[in-house]
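Trainee: Each number in our numbering corresponds to the 1-based position in the sequence shown with 7 added. Note that the Cβ used here is the ideal one computed from N, Cα and C, for glycine as well.
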Amino acid sequence: MTSVPRLLSVTAAALLVAALAGCADGGTAPPTASADIVIPAFAGTCEDSEGVTVIVDAAALGDADEASATWCVPTEETIVGSDALDLARIPVEGTDEYGDQVVCRVDGVPAADLVLTAEDGSDYREECASMPAAFAYWALWVKPAGGEWDYAQEGLSTLALEPGDTLELLFTLNGEPASP
8 MTSVPRLLSV TAAALLVAAL AGCADGGTAP PTASADIVIP AFAGTCEDSE GVTVIVDAAA
68 LGDADEASAT WCVPTEETIV GSDALDLARI PVEGTDEYGD QVVCRVDGVP AADLVLTAED
128 GSDYREECAS MPAAFAYWAL WVKPAGGEWD YAQEGLSTLA LEPGDTLELL FTLNGEPASP
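Right under this line is the structure:
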């Protein structure tokens, strides 16, 4: 019969050997390749070509300024718009009919219960079912490095952005603002 102190000593020794074996060269996981390291986005504009600048401008809604900001998404490679927004932690909601190819809400704006008034005085609430109203919508704008602003020609999941580019989600209400 083995004594309890001896059994505890043997068990402790076995656990120590197992723990040390995991520290040996063969038991460690390989280090993560630098290409797999994701540098988080930070507030502000990217300098030169250190990444993609993402701007959200909801100023047309007046009290939605908290949804307006600028982020730098560090990258040395081409990324798509939806990835840039994910890295900047900007939640975007598409529409039922068109998915994320049509932006309905950015960070919950415009809220589903917000009444938007058209120039003709009619009221509208965004339901994100199909295309937003022609007088109240999120426009995607792209400015290539050293270039001029232009409407994005693709949706977020296919819109390729190069380091140095800027992506702006601009809420336009009754035609204002017309561009960034």
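In angstroms, rounded to a whole number, what distance separates the CA positions of Pro81 and Glu57?
Mentor: Going from the Cα of Pro81 to the Cα of Glu57 covers about 6 Å.
Trainee: Which residue from Glu104, Gly88, Tyr105 puts its Cα closest to that of Pro98?
Mentor: Gly88
Trainee: Which value, in whole angstroms, describes the spacing of the CA atoms of Asp55 and Cys111?
Mentor: 31 Å
Trainee: Check whether the Cβ atoms of Glu100 and Cys135 sit closer than 8 Å, and answer yes or no.
Mentor: yes
Trainee: Would you identify the three-state DSSP class for Ala159, choosing helix, strand or coil?
Mentor: coil
Trainee: Roughly how many angstroms separate the alpha carbons of Ala140 and Glu83, rounded to a whole number?
Mentor: 37 Å
Trainee: Taking only the alpha-carbon atoms, compute the straight-line gap between Asp130 and Ala143 and give it to the nearest angstrom.
Mentor: 11 Å
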